[in-house]
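Working notes for the structure below.
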Amino acid sequence: MVQQREKIIESKTPYSSANRRMEYDHFKVSPVSGALGAEIEGVDISSSLSDGVVADIRQALLDHLVIFFRDQDLSPEAQIAFSKQFGELDEHDFVKGMKGYPELIRLVREADEAGRNFGGVWHSDVTHQESPALGSVLYGVDVPPYGGDTLFANQYMAYEALSSGMKEMLDGMIAIHSAIGPFGPQGRSKVYWRNMDVETNEKALEEVEHPVVRTHPETGYKGLFVNGTFTLRFKGMTEEESEPLLKFLFRHSSQEPLTCRFRWKKGSVAFWDNRSVMHYALNDYGGYRREMRRSTIAGDRPF
Ligand code: SIN
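Right under this line is the structure:
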């Protein structure tokens with residue numbers, strides 16, 4: 195914890211997406227919305243990248259919160275090698291890794307599947323963990339001809355858009371998170387995601403505490419950190435008491451002006467900063483197959 199705090203660079207508060215950096219030494223970036231997100235052109239992420247390119251990618255991630263690459267040909271080995279340049283990789287607690295690649299999970303929905311899709315609730319990844327992910331790298335293996343886009347929402351902006359009274363109240367609050375909703379004994383994985391390798395276990399019942407407003411360990415900006423998949427209630431309150439405020443925050447934090455939308459093609463890659471964005475996988479491609487491959491980079495304990 196102390197080490198993390200020492201690492202923080204001085205932040206320019208308040209956060210503004212208009213201050214995003216647009217020039218990098220090693221590639222061109224094109225923002226995809228006013229709030230967040232940028233496409234990066236001119237980098238083959240399956241190749242061996244120089245330290246300078248990796249440093250620029252990391253900086254672009256911090257600046258734009260989610261970055262996109264097109265036309266990549268990523269073998270499982272190449273996805274692991276790329277992702278590892280940004281930190282240790284996490285294995286998912288409930289979705290079994292691919293054979294021979296425990297750090298990679300397949301998010302697959304077959305053409306004949308109906309009902310809730312994986313990732314179809316606004317969320318940050320794995321916040322049921324004490325140290326949720328730094329970020330995730332998602333690769334488009336098989337993409338429907340239309341639909342199946344992913345939406346992202348800027349949580350620094352969500353925090354900044356709150357009134358000073360609400361900010362002050364939330365700044366001191368703690369939320370309880372667990373994986374019971376998706377992966378508990380009566381969780382969504384019992385009914386849906388039948389073509390994914392999901393294994394529920396007791397860990398889904400474990401509860402962890404996270405601040406409702408977290409400070410990004412690298413940028414120093416504050417962002418909202420509650421989400422519809424894993425956040426159950428506020429510490430010291432019942433679920434019933436917490437519900438109205440959580441409902442407000444879930445809607446507030448995913449308002450359209452805070453978002454960008456990514457249209458997938460085969461070979462596209464999205465790399466998001468899980469500490470400052472939420473994401474949402476749209477469920478509008480019934481009758482078509484969609485397969486993505488995800489690696490998740492281990493993160494720090496939020497503070
Ligand atoms: C996820 O929540 O990691 C999945 C996102 C997607 O499939 O678009």
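Throughout, my numbering is defined as the position within the sequence shown, counted from one, plus 194. In this text, a Cβ means the ideal position worked out from N, Cα and C, and glycines have one as well. Being a predicted model, the structure only gives us computed values, none of them experimental.
With a CB to CB cut of under 6 Å and the five nearest residues on each side skipped, what residues in its chain are close to ASP467?
Looking up residue 467 in the sequence shown gives position 273. Excluding sequence neighbours, ASP467 sits near LEU255, LEU259, GLY329.
Around the Cβ of ARG488, are there at least 16 other Cβ atoms within 10 angstroms (buried) or fewer (exposed)?
Taking the sequence shown and counting its residues from 1, one reaches residue 488 at position 294. Counting Cβ neighbours within 10 Å, ARG488 comes out buried, since at least 16 surround it.
Would DSSP call ASN213 helix, strand or coil?
As a working note, residue 213 is residue 19 in the sequence shown. Looking at ASN213 - three-state DSSP - the assignment turns out to be helix.
Which whole-angstrom value is the C-beta distance of LEU452 and ASN348, which I expect to be below 8 Å?
For the purposes of this step, residue 452 is taken as the residue at position 258 of the sequence shown. For the purposes of this step, residue 348 is taken as the residue at position 154 of the sequence shown. Contact flag correct, Cβ pair sits at about 5 Å.
Roughly how many angstroms lie between the CA atoms of ARG469 and MET390, to the nearest whole one?
Counted from its first residue, the sequence shown places residue 469 at position 275. Counted from its first residue, the sequence shown places residue 390 at position 196. So the two alpha carbons sit approximately 26 Å from each other.
Measuring CB atoms only, is the region 395 to 402 touching the region 356 to 367, in the sense that at least three cross pairs come out at less than 8 Å?
When Cβ pairs closer than 8 Å are counted between the two stretches, the region 395 to 402 is seen not to touch the region 356 to 367, the count staying below three.
Return the residue from the list GLU485, ARG484, SER210, ASN477 that minimises the CA-CA distance to LEU345.
Here residue 345 corresponds to residue number 151 of the sequence shown, with the count starting at 1. Looking from the CA of LEU345, the closest CA among GLU485, ARG484, SER210, ASN477 belongs to ASN477.
For the candidate residues SER269, GLU233, PHE276, whose alpha-carbon lies nearest to that of VAL248?
Position 54 of the sequence shown, counted from the first residue, corresponds to residue 248. For VAL248, the closest alpha carbon among the candidates SER269, GLU233, PHE276 is that of PHE276.
GLY375, DSSP secondary structure in three states:
Position 181 of the sequence shown holds residue 375. DSSP places GLY375 in helix when its eight states are reduced to three.
What does a CB cutoff of less than 6 Å around GLN380 pick up in its chain, not counting 5 residues either side in sequence?
One-based indexing of the sequence shown puts residue 380 at position 186. Sequence-distant Cβ neighbours of GLN380 in its own chain, meaning closer than 6 Å and more than five residues away, do not exist here.
If contact is defined by three or more beta carbon pairs under 8 Å, each pair taking one atom from either stretch, is the region 365 to 378 in contact with the region 310 to 325?
As far as the Cβ criterion goes, the region 310 to 325 touches the region 365 to 378, which means the pair count is three or higher.
Are three or more beta carbon pairs between the region 287 to 295 and the region 423 to 430 nearer than 8 Å?
These segments do not touch.
Mind checking ARG199: buried by the 16 CB within 10 Å criterion, or exposed?
Here residue 199 refers to the residue found at position 5 when the sequence shown is read from its first residue. For ARG199, the predicted model reports a pLDDT of 42, less than 50, meaning its position is unreliable; a value from the coordinates is still stated below. Exposed is the call here.
Please report the Cβ distance between SER240 and ALA272, rounded to the nearest whole angstrom; I am assuming they are in contact, meaning their Cβ atoms lie under 8 Å.
Numbered from 1 along the sequence shown, position 46 holds the residue referred to as residue 240. Numbered from 1 along the sequence shown, position 78 holds the residue referred to as residue 272. Rounded to whole angstroms, the Cβ separation of SER240 and ALA272 is 4 Å, and the two are in contact under 8 Å.
Using only CA atoms, which one of SER244, THR432, GLY334 lies nearest to ILE299?
Start at 1 with the first residue of the sequence shown, and residue 299 comes out as number 105. Checked all of SER244, THR432, GLY334; the closest Cα to ILE299 is GLY334.
Report yes if the C-beta of ASP319 is less than 7 Å from at least one heavy atom of ligand 1; otherwise report no.
Counting from one through the sequence shown, the residue named residue 319 turns up at place 125. Result yes, Cβ under 7 Å from ligand 1.
State yes or no: is the C-beta of MET486 nearer than 7 Å to some heavy atom of ligand 3?
Looking at this structure, you won't find ligand 3 anywhere; what it does contain is ligand 1.
Report yes if the C-beta of HIS473 is less than 7 Å from at least one heavy atom of ligand 1; otherwise report no.
Here residue 473 refers to the residue found at position 279 of the sequence shown. For HIS473, the distance from the CB to the nearest heavy atom of ligand 1 is below 7 Å.
Leaving out five residues on either side along the sequence, give the residues of the same chain with a beta carbon under 6 Å from the beta carbon of PRO270.
As a first step, residue 270 is located in the sequence shown; it is residue number 76 there, counting from the start. Taken in chain order, the residues that qualify are TYR295, LEU298.
Closer than 7 Å: PHE312 CB and nearest ligand 1 heavy atom
In the sequence shown, the residue the question calls residue 312 occupies position 118. Yes - ligand 1 has a heavy atom lying nearer than 7 Å to the Cβ of PHE312.
Contacts around ASP250, its chain only, beta-carbon distance under 7 Å, and the 5 residues preceding and following it disregarded
Against the sequence shown, residue 250 aligns to sequence position 56. A distance below 7 Å between beta-carbons, with the five flanking residues on each side excluded, links ASP250 to the following residues of its chain, in chain order: TYR218, ASP219, HIS220, PHE221.
Where do the ends of the beta strand (DSSP E) carrying PHE465 lie?
Working through the sequence shown from its first residue, we reach residue 465 at position 271. It spans 463 to 467 - the beta strand (DSSP E) in which PHE465 sits, taken as one unbroken run.
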